Each structure stands twice: as C-alpha cells, then as structure tokens.
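Comments concern the structure below.
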Amino acid sequence: MRSSRTLPPLQALRAFEAVARLSSFRRAGEELLITQSAVSHQIRELEQNLGAKLFVRKARSIELTAQGQGYFDSVQQAFDLIRSGTIALRRHAKKEQVRVSLLPSFAANWLVPRLARFTTAHPDIDLILDPTLRLADFGSDEADLAIRYGDGSWQGSENRLLMTESLTPVLSPALLERGPKLSEPRDVLNHTLLLPARPYDWEVWAEANAVDLRAAQTIKLSDYNVVLQAALDGQGIAIGRLLLIADRIRSGALVQPYEVVSSPRAGHWLVTPKRLQPTEAATAFIEWLTGEAASTEAGR
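Under our numbering, read the sequence shown as residues 685 to 984, first letter to last.
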C-alpha cells in the first residue's frame, strides 16, 4: 500500500477511524467488511508510517494513547467534512423529485397546460404526477402532496383551499337544439344527467336552484374526464366545472344555459401530510401551485 509523503495510507486511516470510534478491532472489521486481522495489520502499518503508538492493547479492550486521541480528533473532523461534502454533492448531482397525487380531470384540464412555467422556473426538480381517483396514502410514502376536489373535509391531513369552483349544467350545442327546452333550472330533469362517481357538485347546483334530482334519469361515470366526453358527444347534461372547461365554453363545444353557482363545498384543495415538513422541492411546487391558483381566481 503506497502513500504520499504527507498523507498516510487512506485505507489504514479508515481502519484507524473505525477502531477508535468503535473501541473494537472486531466491530471495525465488521463495519469495513474486512477481517479483524486485516484491521490489525492496517493499524500496525499506520503506526509505522506515523512513527507513533496509537493504541494501548489490553487483555479485553483497547484504548487510545494520548497521541492517538489527538490524531483521532483530527481524523474524525476530516472524515466528517468528507461525508458532508459527499452528501451535498450527491444532492446537487441528483434531481429532487416531487410526487403529486391528483384527479385525472384536474391534471388534464388545468395543471398540465401550465406545467411548462414550473419546469422552466425549476429545471432541477423532477415532477411526478400520479393521476388517480384514490385518496393519497401519505403513510405509505406514495405522494408528497395531493390535489383533490370536494369540500376539504378529509381527515388526517392539512387541507388548503386553492380555488372555489363555478358550477353550471353544460351540454353540446346539438343536444341543446334537438332536445327538450331548457328554460328553467328544473328543465334539466327532462334530459339524461351525466354524473361523476361522487355527484356532490350536481347536488350543490340543485340545492341552489331548488331542483329535486331524485327523479332524474342518470348515467353514472367514474371519472370527470369521461363525463365531459359523454357531454361533448351529446349523451346528456353534465355539471360544468368551469375552471376545467372554460376553453370548451369559449370554443362553443359546450354551452351553458343557466347561471353559475359557487360554493366552498365544491373546490380544488391542496392536501398535505399533517405534522410533516415538506421537502424544499415540494415547497417550491406548493408555492408555484398556489400562485397559479391565485392568478386563475383573479382572472375570472
């Protein structure tokens, strides 16, 4: 094992640091994945290189000499500095990730069209989107944060309102032209209503307009994206979440025959784990997301 004139053999230094820290040749060997005799050999070589005795070997224990203790203090500081520098380098070399659980409809119709602004501002962050109808399980570490639609009453998490939805029935121009007339709110009962898995947004609109939906003919569809497609195909009336479908209204692909209803029961929420500090990358995404949501609200 060769060394420079100023530096002792680095493998022997590793052995010395481990033995001094653990007070054991055997445990040092286990940590370094070498035999106890190999550790002893490296310590002897280091002592010869330095010209100083580092350990006092006793029957069942070892102790650092005064010179050994002083040298260990310096070596330990050097190793700690190398460790911290290595950790910092690896953090910079490897992009940080943010895992976001969110509804497919919110991802496709609101978030994805805006993502270029985030990736441009944060090229060092990898964003992983998990479009799913399930609630995020933060305990299993499957997501750093979630974006959900509803009234914000989820238990075991911190829930912050991003945007309140604007709700109104929407349908295709063809269905509006050929179907039963829509003069008053209760006239929706003469059409097939397209319901997502949890139709509370229909309920919010119906309560605000004193319409009893119990007698309505309905088709229940699991995902809001599917609800929208069915409405575009003229299969019935959907409840329009205008934050998600404003472009379809502007283009005329869907029409809204009634006034808009808003309620805190129907909003898009940022959901984060309780009592858990978000990572720097997650914090950057949260700040960007809340800024985008505020701009959307202000631009209504």
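Ideal Cβ placement from N, Cα and C applies to all residues, glycine included.
Just so it is clear, the structure is predicted and the values come from calculations on it, not from any experiment.
- Judged by their CB atoms, I929 and D885 are not nearer to each other than the 7 Å cut-off.
- The alpha carbon of W838 has as its nearest neighbour, out of S850, L819, A827, the alpha carbon of L819.
- Pairing L851 with W794 gives a Cβ-Cβ distance that is not under 7 Å.
- In the pairwise beta carbon analysis, the segment 949-962 is classified as not touching the segment 798-815: fewer than three pairs are separated by under 8 Å.
- In the structure shown, the three-state DSSP call for Q751 is helix.
- Rounded to whole angstroms, the Cβ separation of K958 and G840 is 6 Å, and the two are in contact under 8 Å.
- A direct Cα-Cα distance of roughly 14 Å separates L873 from L859.
- When secondary structure is reduced to three states using DSSP, W953 falls in the strand class.
- Contact annotation: the segment 736-753 touches the segment 689-709, with at least three C-beta pairs closer than 8 Å.
- The segment 720-728 and the segment 756-767 do not touch, with fewer than three beta-carbon pairs separated by less than 8 Å.
- In this structure, DSSP gives D814 an extended state, which the three-state scheme calls strand.
- In this structure the segment 925-942 touches the segment 779-795; the number of beta carbon pairs closer than 8 Å is three or more.
- Note: Y833 is bridge-paired with H952 in the DSSP secondary-structure output.
- Linking Q695 to E780 through their CA atoms gives a straight-line distance of about 33 Å.
- A distance below 8 Å between beta-carbons, with the five flanking residues on each side excluded, links R984 to the following residues of its chain, in chain order: S850.
- The C-alpha of L954 lies about 18 Å from the C-alpha of A982.
- Annotated as distal: F802 and I831, with beta-carbon spacing of 7 Å or more.
- Straight across, the Cα-Cα distance linking L938 with L916 is about 7 Å.
- Excluding sequence positions up to five before and after V784, its CB lies within less than 8 Å of the CB of L811, I812, L813, D814, A827, D828, L829, A830, I831, F969, all in the same chain and listed in chain order.
- DSSP, read as helix, strand or coil, puts P853 in strand.
- By the criterion of a C-beta distance shorter than 7 Å, T719 is surrounded in its chain by G713, once the five residues flanking it on both sides are discounted.
- For V740, the enclosing beta strand (DSSP E) starts and ends at 739-741.
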